[in-house]
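Novice: Going by the working numbering, the sequence shown opens with residue 41, and the numbers climb by one from there. C-beta: ideal position from N, C-alpha, C; glycine also. Predicted model, so just to flag it, every value in this text is computed and none were measured.
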Amino acid sequence: MKAAIFHGPHQPLTIEEVDIDDPGPREVIVKTAASGVCHSDLHYVDGAWSFDTPAILGHEAAGIVELVGEQVTYVQPGDHVICCPSVFCGMCERCMTGQPYACDREAVTRSAEEPPKYTWNGQGVAQFAHLSTYAEKMLVHENAIVRIREDMPLDAAALIGCGVTTGFGAVVNTAKVQPGSSVAVFGVGGVGLAAVQGSLVAGARMIIAVDTVESKLAKARELGATHVVDASSNDPVQAIHDLTGGGADHTFEA
């Protein structure tokens, strides 16, 4: 299969032919339909963060299940799925006590004695976030994917696993915004727009989007913002204070 190989900081990714192993008992091969480019990936390319090389980056994608391991029960070939960067084993102490986000992930990671999932020029290729979506196919644990409806566009679905979940989850799961609340979202790119939508779903009465890009503010209003503030020509703090009569109940920086 073809994949974009990460060679190291400040080096361009190159498209190479990479071999993909057969799935293990609880592993799945997914044919990648679409992948987002998250800024987290760019941090590795820019050298802000480090990662093993060679590697295949990417951690938000959608695709169609192609092949499953013998113990896989959650999905079957032909299922449409999205990727989940927070993969969990479902069997360790943390998972069994309702804390899958703290999973030790030993059961979802191949050991050094096992063959690598990907090889290129005779050497193993590191898998990023247990996913590596910058490739024609992904070899992942069954708990790293979530089945979705077949009528959902896969290019849009690809963004759910990271960007959408980050913004939407911050509002609904972390802040637990209540109906009638006022919300301010600073920065309405992908994550910020998801926070705007999450606020709308949560029933916020006032959703204030703050940005310096007119097109982003227009999109925020389209997706649920009740007010927009152009921070390039207005003091956003004063504007929010005036709109809410004292300040927003919840503020998100995206």
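At what residues does the alpha helix (DSSP H) containing ILE280 begin and finish?
Specialist: Start and end: 276 to 284.
Novice: For GLY285, is the beta carbon positioned less than 7 Å from some heavy atom of the ligand NAP?
Specialist: This structure lacks the ligand NAP; in fact it carries no ligand of any kind.
Novice: Can you look up ARG261 in the DSSP assignment and give me helix, strand or coil?
Specialist: Of the three classes helix, strand and coil, the one that applies to ARG261 here is helix, per DSSP.
Novice: Looking at the structure shown, is THR206 part of a helix, part of a strand, or coil, going by DSSP?
Specialist: Three-state result, THR206: helix.
Novice: Is DSSP giving CYS135 helix, strand or coil here?
Specialist: Helix.
Novice: Quick one: what does DSSP say GLU153 is sitting in, helix, strand or coil?
Specialist: If DSSP states are grouped into helix, strand and coil, GLU153 belongs with coil.
Novice: May I ask you to verify whether the region 169 to 177 touches the region 91 to 102, counting CB pairs closer than 8 Å and requiring at least 3?
Specialist: They touch, by the three-pair rule.
Novice: Starting from ASP251, trace the beta strand (DSSP E) in both directions and tell me its first and last residue.
Specialist: Run containing ASP251: 246 to 251, per the beta strand (DSSP E) assignment.
Novice: Is GLY230 closer than 8 Å to LEU199 when the C-beta atoms are compared?
Specialist: Cβ distance < 8 Å, so LEU199 and GLY230 count as in contact.
Novice: When you compare the CB positions of VAL105 and VAL148, do they come within less than 8 Å of one another, or not?
Specialist: Not a contact, by the Cβ cut-off of 8 Å.
Novice: Using 10 angstroms around the beta-carbon of TYR158, count the other beta-carbons present and answer buried if the total reaches 16, otherwise exposed.
Specialist: Buried, since its Cβ has 16 or more Cβ neighbours within 10 Å.
Novice: Any idea what DSSP makes of HIS267, helix, strand or coil?
Specialist: Note: HIS267 maps to strand in three-state DSSP.
Novice: Please classify MET136 as buried or exposed, where buried requires at least 16 neighbouring CB atoms within 10 angstroms.
Specialist: The residue in question, MET136, is exposed, as its Cβ has fewer than 16 Cβ neighbours within 10 Å.
Novice: Please say whether VAL165 and ARG145 have beta carbons closer to each other than 8 Å?
Specialist: In this structure, VAL165 does not lie closer than 8 Å to ARG145 by Cβ.
Novice: Between the Cα of PRO63 and those of ALA88, GLN111 and HIS50, spot the shortest distance and give me the residue it belongs to.
Specialist: When each option's Cα is compared against that of PRO63, the closest is GLN111.
Novice: Taking 8 Å as the limit between beta carbons, can you name the residues of its chain near GLY118, skipping five residues before and five after?
Specialist: Answer for GLY118: ILE104 and VAL105, listed in chain order.
Novice: From the DSSP secondary-structure annotation, give me the bridge partner or partners of TRP160.
Specialist: Answer is GLN163, bridged to TRP160.
Novice: Thinking C-alpha only, which one of CYS202, THR266, GLN163 and ASN183 is nearest GLY220?
Specialist: Selected option, being the one with the closest Cα: THR266.
Novice: For the candidate residues SER273, MET246 and PHE292, whose alpha-carbon lies nearest to that of GLY285?
Specialist: It is MET246.
Novice: Tell me which residue opens and which closes the beta strand (DSSP E) that LEU107 is part of.
Specialist: Taken as a continuous stretch (DSSP letters only), the beta strand (DSSP E) holding LEU107 covers 101 to 108.
Novice: Where ALA88 and THR206 are concerned, what is the direct C-alpha to C-alpha distance, given to the nearest angstrom?
Specialist: Their Cα atoms are separated by approximately 21 Å.
Novice: Hey, would you say VAL121 sits closer than 8 Å to ARG187, going by beta carbons?
Specialist: Yes, they are a contact pair.
Novice: In three-state DSSP terms, what is LEU179?
Specialist: Reduced to three states, the DSSP call for LEU179 is strand.
Novice: Is it the case that the Cβ atoms of PHE292 and ALA235 are separated by a distance below 8 Å?
Specialist: Taking 8 Å as the Cβ cut-off, PHE292 and ALA235 qualify as a contacting pair.
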